[in-house]
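Peer 1:
There are 2 protein chains.
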Amino acid sequence: MANNAYPQLTRIFQRLSHFSHLSAIAGWDMAAMMPPGGSQARGEALAELGVLQHQILTDKNVAVLLDAAQQENLSDDERANLREMARSYNQAALLPESLVEAKSLAGNRCEHAWRTQRKNNDWAGFAPNLKEVVRLSREEAKLRAEASGGSRYDALLDIYEPGMTSARLDVLFADLKSWLPDLLQTVVDKQASRSLINPQGPFATESQRDLGLEAMSLLGFDFNGGRLDVSTHPFCGGVPEDVRITTRYDEDDLLSALFGVIHETGHARYEQNLPRQWAGQPVALARSTGVHESQSLFFEMQIGRSAAFLKHILPLIQQRFGNQPAFTLDNFIAWSQTVERGFIRVDADEVSYPSHVILRYEIERALIDGDIEVDDIPGLWNEKMQQYLGLSTEGNYRNGCMQDIHWTDGGFGYFPSYTLGAMYAAQLFQAARKALPDLDSQLAEGNFSPLFSWLRENIWQHGSRFSTSELITRATGEDLNSRYFREHLTTRYL
Amino acid sequence: MANNAYPQLTRIFQRLSHFSHLSAIAGWDMAAMMPPGGSQARGEALAELGVLQHQILTDKNVAVLLDAAQQENLSDDERANLREMARSYNQAALLPESLVEAKSLAGNRCEHAWRTQRKNNDWAGFAPNLKEVVRLSREEAKLRAEASGGSRYDALLDIYEPGMTSARLDVLFADLKSWLPDLLQTVVDKQASRSLINPQGPFATESQRDLGLEAMSLLGFDFNGGRLDVSTHPFCGGVPEDVRITTRYDEDDLLSALFGVIHETGHARYEQNLPRQWAGQPVALARSTGVHESQSLFFEMQIGRSAAFLKHILPLIQQRFGNQPAFTLDNFIAWSQTVERGFIRVDADEVSYPSHVILRYEIERALIDGDIEVDDIPGLWNEKMQQYLGLSTEGNYRNGCMQDIHWTDGGFGYFPSYTLGAMYAAQLFQAARKALPDLDSQLAEGNFSPLFSWLRENIWQHGSRFSTSELITRATGEDLNSRYFREHLTTRYL
Chain R
1 MANNAYPQLT
11 RIFQRLSHFS
21 HLSAIAGWDM
31 AAMMPPGGSQ
41 ARGEALAELG
51 VLQHQILTDK
61 NVAVLLDAAQ
71 QENLSDDERA
81 NLREMARSYN
91 QAALLPESLV
101 EAKSLAGNRC
111 EHAWRTQRKN
121 NDWAGFAPNL
131 KEVVRLSREE
141 AKLRAEASGG
151 SRYDALLDIY
161 EPGMTSARLD
171 VLFADLKSWL
181 PDLLQTVVDK
191 QASRSLINPQ
201 GPFATESQRD
211 LGLEAMSLLG
221 FDFNGGRLDV
231 STHPFCGGVP
241 EDVRITTRYD
251 EDDLLSALFG
261 VIHETGHARY
271 EQNLPRQWAG
281 QPVALARSTG
291 VHESQSLFFE
301 MQIGRSAAFL
311 KHILPLIQQR
321 FGNQPAFTLD
331 NFIAWSQTVE
341 RGFIRVDADE
351 VSYPSHVILR
361 YEIERALIDG
371 DIEVDDIPGL
381 WNEKMQQYLG
391 LSTEGNYRNG
401 CMQDIHWTDG
411 GFGYFPSYTL
421 GAMYAAQLFQ
431 AARKALPDLD
441 SQLAEGNFSP
451 LFSWLRENIW
461 QHGSRFSTSE
471 LITRATGEDL
481 NSRYFREHLT
491 TRYL
Chain A
495 MANNAYPQLT
505 RIFQRLSHFS
515 HLSAIAGWDM
525 AAMMPPGGSQ
535 ARGEALAELG
545 VLQHQILTDK
555 NVAVLLDAAQ
565 QENLSDDERA
575 NLREMARSYN
585 QAALLPESLV
595 EAKSLAGNRC
605 EHAWRTQRKN
615 NDWAGFAPNL
625 KEVVRLSREE
635 AKLRAEASGG
645 SRYDALLDIY
655 EPGMTSARLD
665 VLFADLKSWL
675 PDLLQTVVDK
685 QASRSLINPQ
695 GPFATESQRD
705 LGLEAMSLLG
715 FDFNGGRLDV
725 STHPFCGGVP
735 EDVRITTRYD
745 EDDLLSALFG
755 VIHETGHARY
765 EQNLPRQWAG
775 QPVALARSTG
785 VHESQSLFFE
795 MQIGRSAAFL
805 KHILPLIQQR
815 FGNQPAFTLD
825 NFIAWSQTVE
835 RGFIRVDADE
845 VSYPSHVILR
855 YEIERALIDG
865 DIEVDDIPGL
875 WNEKMQQYLG
885 LSTEGNYRNG
895 CMQDIHWTDG
905 GFGYFPSYTL
915 GAMYAAQLFQ
925 AARKALPDLD
935 SQLAEGNFSP
945 LFSWLRENIW
955 QHGSRFSTSE
965 LITRATGEDL
975 NSRYFREHLT
985 TRYL
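Residue numbers (our numbering), protein chains in the order written: chain R, 1 to 494; chain A, 495 to 988.
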């Protein structure tokens with residue numbers, strides 16, 4: 001048998017990667033640069049490209065080549081690449097082109113309208129668009145579930161976090177629910193006795209931007225291969241060679257843009273340090289959204305909110321915004337580590353954050369499995385917010401169920417990644433500390449490079465060579481469990 | 495015979511248009527946003543898309559459909575669209591895929607490196623890249639010339655200005671050369687006796703940007719469907735629904751960014767007002783680069799440098815930069831209409847501009863026809879600059895033969911469009927004045943809308959329905975001639 005199926009596949013996936021490049025940049029542009037009038041034409045152009053990518057990936061010859069390549073003599077890395085190719089093929093081949101195109105169009109329309117509807121608290125305008133997205137996402141989930149044999153929601157979850165199931169999530173989240181509410185209450189009570197001085201704004205956008213750029217430099221972002229811009233909903237996009245992160249500025253808020261930038265810098269460094277020797281191949285891509293979030297949360301929470309990092313960043317803040325009573329080191333650290341129940345997921349501290357995720361997980365699972373409808377969302381949201389965080393979102397769609405971009409383009413199954421990421425991050429940080437005996441003193445000196453080398457070696461450079469379980473087990477000596485996350489929160493906040 | 499070849503063709507061209515959309519936005523991004531490290535991956539992604547577009551357009555079935563559609567019952571507009579489809583097919587089908595891809599890659603590489611090489615006056619670094627682009631452009635010209643039966647250079651010229659030949663250009667340019675040098679000398683002598691006060695900078699970039707945006711508004715740019723950004727070499731890109739213009743700022747220069755913006759606004763309004771009912775079809779595209787340049791020069795020269803417009807813009811300048819002795823109306827108008835021999839084409843006044851174009855035309859024609867080599871360019875450039883404008887560019891590549899972006903990605907045949915555009919613009923302005931008896935008083939009141947309606951009706955809305963000759967004859971009552979350009983220059987400057 002000719003040993004040439006695998007090389008043929010690498011050419012096909014290289015081609016797909018080129019088209020993904022254009023799609024990623026056009027998508028970034030849509031969120032960060034495009035004027036509203038360009039929306040329809042862009043949506044159509046991206047849908048056309050999506051259909052093409054789908055056609056190339058699901059061509060019958062790809063299935064034949066995948067089978068043939070299994071019999072070929074491949075290295076371990078090539079075999080891992082072949083496994084990811086097959087996964088990619090199977091994910092795509094389940095969906096008819098018409099569904100791919102319809103979902104892309106409906107998602108673009110819903111997301112674009114959402115950008116103004118959210119500002120206007122316009123649930124009535126948003127709901128019909130979302131219903132169409134949900135209808136198509138359910139159709140997608142049904143087709144995927146028929147193939148995988150699992151539940152409809154699990155079939156979507158698997159797109160983002162391969163190997164994860166709602167059965168396992170239920171266990172992990174049940175564990176969190178068993179100790180987190182008490183911990184949250186204890187921390188809130190403890191912090192209630194502090195007398196803190198709040199920083200006084202305004203904090204000029206331009207200076208916030210400068211500060212963000214300096215933090216990116218400190219954290220090793222490669223500006224030769226990336227940019228920082230503004231968008232309504234911050235994200236990390238682009239391609240490994242040219243990573244585009246975005247943030248948004250609020251002149252009344254000293255830290256939300258900064259920590260948003262630090263979060264996206266974690267995503268960006270993962271992308272910028274993926275294995276270049278496999279560029280264009282599926283094995284060179286990030287392992288999963290959960291692992292991706294583990295990197296952003298490693299940067300934002302494990303590093304960013306640590307006393308050591310806050311000590312580093314304070315003089316940079318004083319340089320830009322002058323001195324004020326809030327900027328004594330103790331006050332600044334205490335204030336930066338404030339735990340507070342709030343409406344907005346992306347502004348939440350790390351102790352209350354899992355509640356935001358569990359709420360969304362429970363709603364989106366029910367929505368995809370057909371147990372509830374779009375019209376039920378605001379009521380359920382309000383109910384669960386009351387239950388988990390003691391807050392009412394009645395009539396407050398803007399800061400309630402319309403706050404996130406994920407559902408607008410059918411990203412159901414993504415939300416659990418955030419809390420998986422927080423748990424992975426805590427577990428990874430503990431492992432790094434074990435491997436690097438001087439880590440704490442290095443961080444106190446602002447010497448991040450040993451830690452980044454550890455991440456590069458244990459996570460970044462592997463791309464998708466291993467399963468998530470294997471990657472985490474290799475890096476930390478055990479599979480995911482919530483113990484290190486609990487220890488981290490207890491140590492920092494109690 | 496089934497009457498369905500034409501509808502099949504419209505679907506193919508619609509698809510191509512979606513891909514052109516992504517290519518245009520990724521191209522804009524490359525010039526205005528992309529960090530240097532993204533260059534190689536972007537070049538490869540765009541080349542991949544270029545190959546795909548080429549494959550779709552030159553598919554054998556397209557030729558069959560084009561033949562079949564000729565026999566179908568079509569409206570005049572559909573027949574015009576079919577003619578443009580066939581033109582597009584014939585342009586593309588002559589080139590093998592490998593050449594298209596090689597030229598795209600070599601062009602991206604040369605252009606990207608040029609951005610820093612130009613700053614460093616690095617001809618030695620630039621020349622090898624340019625040689626590769628020239629080699630591939632000659633190959634392209636040879637294949638095109640074999641099919642058209644004309645000269646190699648004419649075959650490239652026809653891409654930009656369909657119907658134009660170097661024989662006709664030689665006549666038009668010979669005419670210009672017969673009276674323009676004397677006119678230029680007379681104007682320069684006349685102006686030498688003026689005692690002008692020069693505006694004193696610096697003129698802050700941010701205020702220049704504001705001023706440009708206000709001029710764009712005055713001139714009807716639709717910001718719902720476009721943006722203004724910065725790039726090394728200003729251009730108008732994007733798509734009709736989302737037009738991206740760029741400029742560059744020099745804080746020592748009050749007007750170059752402003753008039754650059756006005757120039758690109760002319761391009762942009764043409765794009766923004768192309769016939770939307772045919773969106774995605776070749777007939778909906780701009781007629782030619784010469785007609786495109788006629789719109790930018792109509793805005794920049796016919797409107798922008800007129801005393802009426804300068805009178806409008808002066809208070810806006812004073813608002814942003816304060817008052818100073820140079821800002822009396824008479825001094826400002828006289829200074830803004832200064833004619834001066836200079837090195838830089840894009841900064842040239844309209845009297846010396848044609849010399850820059852004729853120089854480039856003569857060099858690029860000889861280069862493509864194989865009469866000279868890349869290594870001859872700096873010497874020839876210097877020689878012709880001495881001859882036409884009395885200036886030496888010896889050793890000054892930056893402001894000599896490395897100043898333009900056009901050749902870096904193989905845009906040979908484009909330069910004549912600028913001077914064709916200047917002549918079209920003058921002829922169109924005269925026709926508009928005839929059709930609108932109150933035009934001068936309308937312009938003096940800042941009422942541009944009758945003039946823009948005239949342009950929309952006579953040029954913009956027609957897209958590519960007519961040949962350039964027919965378009966100009968319908969709008970002005972006669973085919974292109976240089977009489978109106980001469981009259982315009984004489985009236986304004988003598």
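Where is the CB? At the ideal position from N, CA and C, for every residue including glycine.
1. Which bits of chain R does Asn555 of chain A rub up against, with CB to CB less than 8 Å?
2. Any beta-carbon of chain A closer than 8 Å to the one on Arg115 of chain R?
3. Determine the closest residue to Phe906 of chain A out of A:Leu663, A:Glu634, A:Arg612 and A:Tyr882, with distance taken between C-alpha atoms.
4. Give the DSSP-derived three-state secondary structure of Gly531 of chain A in the structure shown.
5. Ignore the nearest five residues each way along the sequence and tell me which others in Thr486 of chain A's own chain have a CB closer than 7 Å to its CB.
6. In this structure, how does DSSP classify Gly238 of chain R when only helix, strand and coil are distinguished?
7. What are the boundary residues of the alpha helix (DSSP H) that includes Val64 of chain R?
8. Do Trp772 of chain A and Ala778 of chain A have their CB atoms nearer than 8 Å?
9. Hey, is Arg15 of chain R's beta-carbon within less than 8 Å of any beta-carbon in chain A?
10. Once DSSP output is grouped into helix, strand and coil, what is the label at Leu391 of chain R?
11. Is the shortest distance between the beta-carbon of Met34 of chain R and the beta-carbons of chain A less than 8 Å?
12. Does chain A have any CB closer than 8 Å to the CB of Leu314 of chain R?
13. In chain R, which residues lie less than 7 Å from Ala718 of chain A when you measure between Cβ atoms?
14. Kindly identify the DSSP beta-bridge partner or partners of Arg87 of chain R.
15. List, in order along the chain, the chain A residues whose C-beta lies closer than 8 Å to that of Leu22 of chain R?
16. Helix, strand or coil: which one does DSSP assign to Asp229 of chain R?
17. Would you say Phe235 of chain R lies against chain A (beta-carbon separation less than 8 Å)?
18. With a CB to CB cut of under 6 Å and the five nearest residues on each side skipped, what residues in its chain are close to His112 of chain R?
19. If you follow the alpha helix (DSSP H) that Trp673 of chain A is in, where does it begin and where does it stop?
20. Which parts of the stretch 320–344 of chain R are runs of the alpha helix (DSSP H), unbroken and 4 residues or longer, counting only runs that do not cross its ends?
21. To the nearest angstrom, how far is the alpha carbon of Cys730 of chain A from that of Ser687 of chain A?
22. Please report whether the beta-carbon of Val239 of chain R lies at a distance below 8 Å from any beta-carbon of chain A.
23. Of all Cβ atoms in chain A, is any one closer than 8 Å to the Cβ of Ala215 of chain R?
24. Taking 8 Å as the cut-off, decide whether the C-beta atoms of Ile519 of chain A and Asp29 of chain R are in contact.
25. Report all residues from its chain with a CB closer than 6 Å to the CB of Pro693 of chain A; omit the five preceding and five following residues, and keep chain order.
26. Given Val51 of chain R, which residues of its chain have a CB within under 7 Å of its CB, disregarding the five upstream and five downstream residues?
27. Are there 16 or more other CB atoms within 10 angstroms of the CB of Ile344 of chain R, so buried, or fewer, so exposed?
28. Does any CB atom of chain R fall closer than 8 Å to the CB of Phe513 of chain A?
29. Output yes if chain A places a C-beta closer than 8 Å to the C-beta of Arg11 of chain R; else output no.
30. Just grab the DSSP bridge partners of Ile472 of chain R for me.
31. Three or more C-beta pairs under 8 Å: does that hold for the stretch 60–68 of chain R against the stretch 429–445 of chain R?
32. Would you please state the rounded distance, in angstroms, between the beta carbons of Gly463 of chain R and Leu274 of chain R? I believe it to be under 8 Å.
33. Would a check of beta-carbon distances place Arg721 of chain A closer than 8 Å to chain B?
34. Under 9 Å Cβ-Cβ, which residues of chain A neighbour Asp409 of chain R?
35. Within 10 Å of its beta-carbon, does Glu572 of chain A have 16 or more other beta-carbons around it, so buried, or fewer, so exposed?
36. Of all Cβ atoms in chain A, is any one closer than 8 Å to the Cβ of Asp122 of chain R?
Peer 2: Looking at the atomic coordinates:
1. On the second sequence, residue 555 of chain A is found 61 positions in, with the first residue counted as 1. Going along chain R, no residue has its Cβ under 8 Å from Asn555 of chain A, so there is no contact; the nearest lies around 17 Å.
2. By 1-based counting over the first sequence, the position of residue 115 of chain R is 115. Taking Cβ atoms only, chain A never reaches closer than 8 Å to Arg115 of chain R, which makes this a no.
3. Reading the second sequence from its first residue, position 412 is the one you call residue 906 of chain A. Checked all of A:Leu663, A:Glu634, A:Arg612 and A:Tyr882; the closest Cα to Phe906 of chain A is A:Glu634.
4. Position 37 of the second sequence, counted from the start, is the residue given in the question as residue 531 of chain A. Gly531 of chain A falls in the helix class under three-state DSSP.
5. The structure shown does not extend to residue 486 of chain A, since chain A spans only 495 to 988, so no value can be given for it.
6. Against the first sequence, residue 238 of chain R aligns to sequence position 238. Here Gly238 of chain R sits in strand by DSSP.
7. As a working mapping, residue 64 of chain R is identified with position 64 in the first sequence. First-last of the alpha helix (DSSP H) with Val64 of chain R: Lys60 to Gln70.
8. What you label residue 772 of chain A is simply residue 278 of the second sequence in a count that begins at 1. What you label residue 778 of chain A is simply residue 284 of the second sequence in a count that begins at 1. Contact: yes.
9. Counted from its first residue, the first sequence places residue 15 of chain R at position 15. With 8 Å as the cut-off, Arg15 of chain R counts as an interface residue toward chain A.
10. Within the first sequence, residue 391 of chain R is the residue found at index 391, counting from 1. DSSP places Leu391 of chain R in coil when its eight states are reduced to three.
11. Walking along the first sequence from the start, residue 34 of chain R turns up at place 34. Yes, its Cβ sits closer than 8 Å to a Cβ of chain A.
12. Here residue 314 of chain R corresponds to residue number 314 of the first sequence, with the count starting at 1. No, because no Cβ of chain A sits closer than 8 Å to the Cβ of Leu314 of chain R.
13. In the second sequence, the residue the question calls residue 718 of chain A occupies position 224. Before going on, a small fix: residue 718 of chain A reads as Asn here, not Ala. The contacting residues are Pro35, Pro36 and Gly37.
14. Against the first sequence, residue 87 of chain R aligns to sequence position 87. According to DSSP, Arg87 of chain R bridges with nothing at all.
15. What you label residue 22 of chain R is simply residue 22 of the first sequence in a count that begins at 1. Within chain A, the residues near Leu22 of chain R are Leu516, Ser517, Ala520, Ala539, Leu540 and Leu543.
16. Position 229 of the first sequence, counted from the first residue, corresponds to residue 229 of chain R. In the structure shown, Asp229 of chain R sits in a strand (DSSP, three-state: E or B).
17. What you label residue 235 of chain R is simply residue 235 of the first sequence in a count that begins at 1. Output row for Phe235 of chain R: interface = no.
18. The residue labelled residue 112 of chain R in the question sits at position 112 within the first sequence. Correct list, in chain order: Ser39.
19. Translated into the one-based positions of the second sequence, residue 673 of chain A becomes position 179. Segment Ser660 to Ala686, the alpha helix (DSSP H) holding Trp673 of chain A.
20. 329–336
21. One-based indexing of the second sequence puts residue 730 of chain A at position 236. One-based indexing of the second sequence puts residue 687 of chain A at position 193. About 38 Å.
22. Here the question's residue 239 of chain R lines up with position 239 in the first sequence. Chain A contact via Cβ: present.
23. In the first sequence, the residue the question calls residue 215 of chain R occupies position 215. Closer than 8 Å: no.
24. On the second sequence, residue 519 of chain A is found 25 positions in, with the first residue counted as 1. On the first sequence, residue 29 of chain R is found 29 positions in, with the first residue counted as 1. Yes, Cβ-Cβ distance for Ile519 of chain A and Asp29 of chain R is below 8 Å.
25. Here residue 693 of chain A is taken as the residue at index 199 of the second sequence, counted from 1. Once the five neighbours on either side are set aside, the close Cβ partners of Pro693 of chain A are Leu748 and Ala820.
26. Position 51 of the first sequence, counted from the first residue, corresponds to residue 51 of chain R. Excluding residues within five positions, the ones whose Cβ falls inside 7 Å are Glu97, Val100 and Glu101.
27. One-based indexing of the first sequence puts residue 344 of chain R at position 344. Classification of Ile344 of chain R: exposed, given that the 10 Å Cβ count is below 16.
28. Indexing the second sequence from 1 puts residue 513 of chain A at position 19. True, the Cβ-Cβ gap to chain R drops below 8 Å.
29. If you number the first sequence from 1, residue 11 of chain R lands on position 11. For Arg11 of chain R, the answer is no, since every Cβ of chain A falls outside 8 Å of its Cβ.
30. For this step, residue 472 of chain R is matched to residue 472 along the first sequence. DSSP output for Ile472 of chain R lists no bridge partner at all.
31. no
32. Stepping through the first sequence from its first residue, residue 463 of chain R is reached at position 463. Stepping through the first sequence from its first residue, residue 274 of chain R is reached at position 274. Confirmed, Cβ separation roughly 5 Å.
33. Of the protein chains in the structure, R and A, none is chain B.
34. The residue labelled residue 409 of chain R in the question sits at position 409 within the first sequence. What Asp409 of chain R touches in chain A: nothing, since even the nearest Cβ is about 18 Å away.
35. As a first step, residue 572 of chain A must be located in the second sequence, where it is residue number 78. Buried.
36. By one-based count along the first sequence, residue 122 of chain R stands at place 122. Not closer than 8 Å to any Cβ of chain A, the Cβ of Asp122 of chain R fails to qualify, so no.
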